[in-house]
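**Student:** If you scroll down you'll find the structure; I have some questions about it.
Residue numbers (our numbering), protein chains in the order written: chain S, 12 to 534; chain Y, 12 to 534.
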C-alpha cells in the first residue's frame with residue numbers, strides 16, 4: 012500500500028475524535044482502570060495512561076486515526092530507507108544505530124546498519140585502549156576525563172544520558188572516566204569547565220557533523236589554546252565525531268575520528284557516534300551496548316499496529332488528542348529521579364525542534380496547532396516549585412511522570428517508617444491522584460478542580476537498558492506525532508534566520524533597528 | 012487613599028487595552044524605537060522593550076491600568092507592612108532584607124529591618140570565622156565546602172545565584188568555599204552529592220523555615236549518617252537556617268542557627284538568611300552585601316509611578332497585555348550567559364508558584380487567565396534546540412532575553428575576526444530582529460512570519476550588583492502581575508493536596524485507584 016501523506020484535519024478520525032466526550036478524571040478513576048490502561052514497554056517498564064482523559068471510545072478513535080493516517084506504515088517506510096526528511100532529501104536512520112528493524116538499507120553503495128556498527132566497534136576499540144592506557148597522554152599517563160565539545164543535539168542528549176548513568180556507573184564499578192561538556196559560545200562556559208578539569212589528563216571530543224558549527228569550532232580553539240598554554244600538544248588530546256566528508260575527518264589535528272552521516276539529525280543522535288564516543292569512554296562500550304539494546308527493544312514495540320500494544324504510538328496519539336481536541340498548549344515532563352535532571356531539556360529539544368512547525372511536509376501552512384511547549388524538572392523538586400500552577404493555574408498542562416521502584420545507588424535511610432525511595436514513589440503516586448481527582452473545599456483557595464491529566468512510565472530501576480528504552484520511547488512518540496500532523500519532523504529551517512543575521516551583525520552589515528540593538532552591546 | 016482590590020476584568024483600562032491594535036513588529040522596528048523604548052534599571056542595566064507589541068497608545072493604557080489598579084500604591088502598602096498575604100494573614104517583607112523602602116515595619120514588637128540586618132551580621136561574622144579557620148573541623152582544619160540542604164525556594168534561588176557568580180568569584184579571588192546542593196527526596200541525590208564532596212571539610216546548611224520539611228529532614232538524616240560513618244560528629248558540621256520557633260533553633264545538634272520568619276516566602280528568600288548563609292560562606296559577606304545593594308537599588312525603581320521609569324512594573328504590564336489580550340500561554344526566559352543556567356528554573360518557581368492561581372485574593376474564582384508557563388535555557392544553547400518552535404511553531408511565545416557586553420571571566424579567543432563574547436552578543440541581537448521582523452520566503456518552510464515579541468535586559472557584566480538587580484526585577488514583576496490579576500501571590504495552597512495524599516500512601520491508608528498506583532510501585 013502506497014503511503015498517503017495527509018493533513019491531520021483531513022482525517023475522518025480527527026473529526027470523530029473532536030466529537031467524543033473526554034473522560035472526566037474526577038469520576039472515572041478506579042483500581043480496575045489503573046490496571047487496565049497500561050502498555051508494556053521495553054526493559055520491563057510500563058506506560059500507564061489511566062489518568063488521561065481517554066476511555067474505550069476515544070481509544071478506539073485513536074486507533075482509527077492511527078490506521079487512517081498509516082502511522083505505523085510510515086514508520087516502516089522510515090526504517091526501510093524511504094526519503095522521509097523530504098525537505099532536505101534525506102533518509103532518517105537513527106533507528107539503525109541500535110538494530111535492523113526491516114530491510115537492509117543501502118545508500119551510496121553502503122549498508123548503513125553495517126556502517127553504524129563499524130563506528131561503534133571503532134569507538135569501542137578506541138575506548139578500551141584509552142582505559143587500558145595503550146592510548147595515553149604525552150607522559151604516558153592515563154586519561155581520566157572526557158570533555159565533549161558540541162551544541163544542541165551534540166550536547167543535550169549525550170549530557171542527559173551521561174548524568175542519568177553517572178552515579179549508577181560509579182557504584183557498580185563502570186565509571187571509567189568523568190565526563191564534562193562545553194557547549195555555549197559564551198566564553199564563560201569553556202573557561203568555567205577548563206578551570207575545573209585537569210587538561211593534561213583529558214580527552215576532548217569535538218562533535219560537529221559538518222565540521223563548521225560556529226560555537227563548536229570556537230570552543231575547539233578555546234580548548235587548543237588552553238592545551239598549548241599548559242605545554243601540551245592538542246593533537247594528542249582531541250578526537251572528532253563528524254561526517255566522513257567534513258574537514259575534521261582524516262585530519263592529523265585529531266587522535267582519531269568517528270563518523271556520523273546526514274541521515275541522523277542532531278537531536279536523534281544520542282545512539283550514534285555522537286553519544287557513543289563520550290558514553291563509551293565514560294562507562295565502557297559494554298554499557299553503551301546495553302543502552303542501545305534497550306532502545307532497540309523499544310523500537311520493536313513501536314512497530315505494533317495495535318495502539319494498546321504500542322506505548323510510543325499511544326503516547327503520541329493521546330498527546331495529539333490533548334493538543335488538538337482539548338487545546339492544551341504545553342506538556343511537562345517530570346521524572347522522579349534526580350539522575351534524569353537534564354532529560355527534560357533533551358526532550359525539549361527533541362520535541363520542540365522536531366514538531367514546532369507551521370507548514371506540512373509539502374510546505375503548505377496547516378490550520379491546526381502542532382508541537383507543544385515542553386518543560387520539566389525532577390520530582391519531588393518541582394512539587395516545591397511550579398506544581399502550584401499545575402494544580403491550581405487557569406490553564407491545564409498535561410503531565411508525563413517517570414518513576415522507578417528502586418534507587419540507582421542503593422544507599423538509603425529509613426525515617427518515620429519509610430525509606431527515601433518509598434517516599435519518592437509515594438509522592439509521584441499521590442500527585443497523579445491529586446491532579447486527576449482534585450478535592451472539593453468550601454474555601455475556594457484550597458479547592459482543587461482536578462481533571463488534570465497525567466501518564467506515568469514505571470520502571471524497576473534506571474539502568475542503561477531502561478534509559479535506552481526511555482530515549483527511544485520519546486523519539487518514537489515525537490516521530491508519530493509528526494506523522495499525525497503531516498510535518499517533516501527531521502529538518503529545522505527555523506534556526507537559520509538568526510544565524511544569517513548574526514553574521515551580518517559581526518560583519519557590521521547592519522542598519523536600522525538591528526544596528527541600534529548592536530549599538531546597545533557596542534558590537 | 013485606601014487601596015481597592017479589584018479584579019483585572021473589572022478595570023476600565025483592561026477593556027480599553029483589549030480594543031487597542033497591537034503594534035505589528037514586522038512593520039514598526041526602527042533605530043529610533045530601539046533607542047526610545049528603553050527603561051533604566053539598577054546596576055547600569057537597561058530594560059529594552061522595543062520588540063514588544065506595544066506603541067504609545069498601548070503604553071498609555073498600561074499606565075492607566077497601573078493607576079486605576081493602584082499597583083504602585085499596593086507595593087507601598089506591602090513594604091510599609093500591611094497584611095498583603097491575606098490568605099495566611101502575613102506581612103510580605105522580603106524587600107526589607109535589602110533596604111528600608113518606607114516606614115519602619117514592626118511586628119510582634121520587633122523592627123523587622125533590624126532583625127534581617129542582625130541575621131546578616133551574624134552570618135557575616137560566622138562566615139569570617141569559617142574562612143579564617145577560627146571555626147574549623149574536629150582536626151582544626153579549615154572547611155572548604157558548604158552544602159545546602161533545602162528544597163524549592165531553599166534550593167532553586169540560592170543555587171541559581173551561586174552558579175551565577177561562581178566563576179566570576181573564582182577569577183576575582185572571592186571564591187572562599189565551593190558550594191553544593193542537596194534537594195530531592197530521591198536518595199540518589201544525596202548519595203550522588205556525598206560521593207563527590209569531602210565530608211570531613213564540609214559544612215552542611217540545613218534550611219527549613221518550619222523545621223519540618225520532609226525532604227530536608229530526610230536528607231539531614233542522610234548526611235548525618237554519612238558523617239557518622241566517616242567518624243565525624245554531625246553537630247560540628249551543621250548549621251541551621253530556620254525560624255526562631257522551629258525545633259532547629261537553639262538546638263545543640265547545630266554549630267549555629269540563623270533566622271528567617273513567616274513574612275518571607277521560600278521563593279522570595281534568596282536575599283534572606285536562606286541565600287545569605289550559603290552565599291556568604293561561598294563568596295564572603297562583602298559579595299553578598301553587593302548582591303543585596305543591587306536588589307535594593309532595583310526595588311527603588313519599582314516605586315516609580317511613571318511606568319516608563321519603572322522597568323519592573325512595565326515588564327509586568329506588558330506581560331499582562333500578552334497574557335490577557337494577546338492570549339499567549341507561556342514565556343521563555345533566555346539569558347545569554349552560561350552562568351545564569353539555572354536562573355530560568357528559579358524564575359519558573361517564582362512566577363508559577365506565585366501567580367499560578369484561579370481564585371482572587373478573596374478566594375473568588377476569576378474569569379481570566381493568570382500566570383503563564385515559564386521555561387528557558389541559556390543562549391546560544393537554546394538556538395540549537397527549542398528555538399525552532401519559537402520561530403516557526405503554531406503558538407507565539409513571548410521571550411525575555413538577558414545579555415551582557417562583557418564576559419565574567421575575561422578569558423576569550425578571537426576566531427574569524429571576533430571574540431566569543433562578541434559572537435554571543437551578535438547572536439542575541441540577531442535573534443531579537445529575526446523574531447520581530449521575520450523573513451518572507453516563497454518556500455514556506457523557510458518563511459518566518461515574524462511579529463514574535465521579545466524584550467531584553469542589557470548589562471555591562473554579570474556582577475553581584477547586576478545579579479541582585481535582576482533578581483529583584485523579576486520578583487517585583489511577579490508581584491505587580493499578581494496585583495494586576497488581584498491574586499495573593501504569596502501563598503501556595505496548590506502544593507498541599509499532594510502532601511496529604513503522599514502521607515496516606517506511606518501509611519497504606521489507600522484504596523481504589525490510589526492503592527492500584529501504589530501497587531505499581533510496590534509501596
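Glycine included, C-beta positions come from ideal geometry on N, C-alpha and C.
(1) Count the other CB atoms, across all protein chains shown, that sit within 10 Å of the CB of residue 491 of chain Y; report buried if there are 16 or more and exposed otherwise.
(2) What is the DSSP secondary structure of residue 79 of chain Y, reduced to helix, strand or coil?
(3) Roughly how many angstroms lie between the CA atoms of residue 262 of chain S and residue 456 of chain Y, to the nearest whole one?
(4) For residue 337 of chain Y, is the classification buried or exposed, using 16 other Cβ atoms within 10 angstroms of its Cβ as the cut-off for buried?
(5) Among the residues of its own chain, which have a CB less than 7 Å from the CB of residue 485 of chain S, if the five just before and after it don't count?
(6) Which first and last residues belong to the beta strand (DSSP E) in which residue 346 of chain Y is found?
(7) Give the straight-line distance between the Cα atoms of residue 483 of chain S and residue 50 of chain S, rounded to the nearest whole angstrom.
(8) Is residue 534 of chain S close to chain Y, meaning its C-beta is less than 8 Å from at least one C-beta of that chain?
(9) In the DSSP assignment, the beta strand (DSSP E) including residue 405 of chain S goes from what residue to what residue?
(10) When DSSP labels each residue in this structure, what does residue 221 of chain Y get in the three-state scheme?
(11) Tell me which residues share the same chain as residue 521 of chain Y and place their Cβ nearer than 8 Å to its Cβ, disregarding the 5 neighbours each side in the sequence.
(12) Do the CB positions of residue 366 of chain Y and residue 164 of chain Y come within less than 8 Å of each other?
(13) What number of angstroms, rounded off, separates the C-alpha of residue 449 of chain Y from the C-alpha of residue 347 of chain Y?
(14) Could you tell me the alpha carbon to alpha carbon distance between residue 531 of chain Y and residue 469 of chain S, rounded to whole angstroms?
(15) Thinking just about the alpha-carbon of each residue, which of S/82, S/481, S/464 is nearest to the one in residue 471 of chain S?
(16) Three-state secondary structure (DSSP) at residue 511 of chain Y?
(17) Would you kindly report the start and end of the unbroken beta strand (DSSP E) that includes residue 37 of chain S?
(18) Quick one: what does DSSP say residue 470 of chain Y is sitting in, helix, strand or coil?
(19) Would the beta-carbon of residue 290 of chain S fall within 8 Å of that of residue 173 of chain S?
(20) I want to verify the contact list: residues of chain Y whose CB lies under 8 Å from the CB of residue 198 of chain S, in sequence order.
(21) Given a threshold of 16 other Cβ atoms within 10 Å of its Cβ, counted over all protein chains shown, does residue 132 of chain S qualify as buried or as exposed?
(22) Just verifying my parser: in three-state terms, what is the DSSP assignment at residue 376 of chain S?
(23) How about residue 112 of chain Y and residue 105 of chain Y: do their beta carbons lie closer than 8 Å?
(24) By the three-class DSSP mapping on this structure, what secondary structure does residue 489 of chain S have?
(25) Would you mind working out which of Y/461, Y/519, Y/158, Y/447 sits nearest residue 436 of chain S, comparing C-alpha positions?
(26) Expressed to the nearest angstrom, what Euclidean distance is found between the alpha-carbon atoms of residue 152 of chain Y and residue 207 of chain Y?
(27) Which of helix, strand or coil does DSSP assign to residue 8 of chain S?
(28) Taking the alpha-carbon positions, what's the residue 267 of chain S to residue 249 of chain S distance?
(29) According to DSSP, which residues form a beta bridge with residue 143 of chain Y?
(30) Could you please give the first and the last residue of the uninterrupted beta strand (DSSP E) stretch that includes residue 49 of chain S?
(31) Leaving out five residues before and five after residue 212 of chain Y in sequence, what residues of the same chain have Cβ atoms less than 8 Å from its Cβ?
(32) Out of Y/340, Y/47, Y/150, Y/59, point me to the one whose CA is closest to residue 210 of chain Y's CA.
(33) Output, in chain order, the set of chain Y residues within a Cβ distance shorter than 7 Å of residue 549 of chain S.
(34) If you run the structure through DSSP and keep just helix, strand and coil, what is residue 44 of chain S?
(35) Judging by CA-CA distance, which residue of S/96, S/429, S/324, S/390 is the nearest neighbour of residue 70 of chain S?
(36) Residue 363 of chain Y by DSSP, collapsed to three states: which one?
**Tutor:** Quick answer:
(1) Counting other Cβ atoms within 10 Å of its Cβ, residue 491 of chain Y reaches 16 or more and is therefore classed as buried.
(2) In the three-state DSSP reduction, residue 79 of chain Y falls in the helix class (H, G or I).
(3) Taking the straight line from one Cα to the other gives about 36 Å.
(4) Looking at its Cβ environment, which holds fewer than 16 other Cβ atoms inside 10 Å, residue 337 of chain Y is exposed.
(5) Within the same chain, residue 485 of chain S has close Cβ partners 358, 361.
(6) It spans 341-346 - the beta strand (DSSP E) in which residue 346 of chain Y sits, taken as one unbroken run.
(7) Per the coordinates, the alpha-carbon of residue 483 of chain S lies some 15 Å from the alpha-carbon of residue 50 of chain S.
(8) Yes, its Cβ sits closer than 8 Å to a Cβ of chain Y.
(9) Per DSSP, residue 405 of chain S belongs to no beta strand (DSSP E) and is neither H nor E.
(10) In the structure shown, residue 221 of chain Y sits in coil (DSSP, three-state: anything other than H, G, I, E or B).
(11) Closer than 8 Å at Cβ, skipping near neighbours: 515, 529.
(12) No, these two residues do not count as a Cβ contact at 8 Å.
(13) Rounded to the nearest angstrom, the two C-alpha atoms are 21 Å apart.
(14) Put simply, the backbone Cα of residue 531 of chain Y is about 7 Å away from that of residue 469 of chain S.
(15) When each option's Cα is compared against that of residue 471 of chain S, the closest is S/481.
(16) Here DSSP, grouped into helix, strand and coil, assigns residue 511 of chain Y to helix.
(17) First-last for residue 37 of chain S: 36-39, but that is the alpha helix (DSSP H), not the beta strand (DSSP E).
(18) Residue 470 of chain Y: strand per DSSP, three-state reduction.
(19) Yes, the Cβ-Cβ distance between residue 290 of chain S and residue 173 of chain S is below 8 Å.
(20) Chain-order list of chain Y residues neighbouring residue 198 of chain S: 418, 420, 422, 423, 424, 430, 431, 432, 435, by C-beta distance under 8 Å.
(21) Under this definition residue 132 of chain S is an exposed residue.
(22) Correct three-state label for residue 376 of chain S: strand.
(23) One thing to note: residue 112 of chain Y has its Cβ no nearer than 8 Å to the Cβ of residue 105 of chain Y.
(24) Look at residue 489 of chain S here: in three-state DSSP terms it is helix.
(25) Minimum Cα distance to residue 436 of chain S is reached at Y/519.
(26) The straight-line gap from Cα to Cα measures roughly 19 Å.
(27) Because residue 8 of chain S is not part of the residues shown, which for chain S are 12 to 534, the question remains open.
(28) Rounded to whole angstroms, the separation of the alpha carbons of residue 249 of chain S and residue 267 of chain S is 8 Å.
(29) Among the bridge pairs identified by DSSP, residue 143 of chain Y is matched with none.
(30) Counting along the chain, the beta strand (DSSP E) containing residue 49 of chain S begins and ends at 49-51.
(31) Same-chain partners within the cutoff: 148, 152, 153, 154, 155, 156.
(32) Per the Cα distances, Y/150.
(33) A query on residue 549 of chain S cannot be resolved here, the shown segment of chain S reaching from 12 to 534 and no further.
(34) Residue 44 of chain S falls in the helix class under three-state DSSP.
(35) Of S/96, S/429, S/324, S/390, the residue nearest in Cα terms is S/324.
(36) Secondary structure at residue 363 of chain Y: helix, using DSSP grouped into helix, strand and coil.
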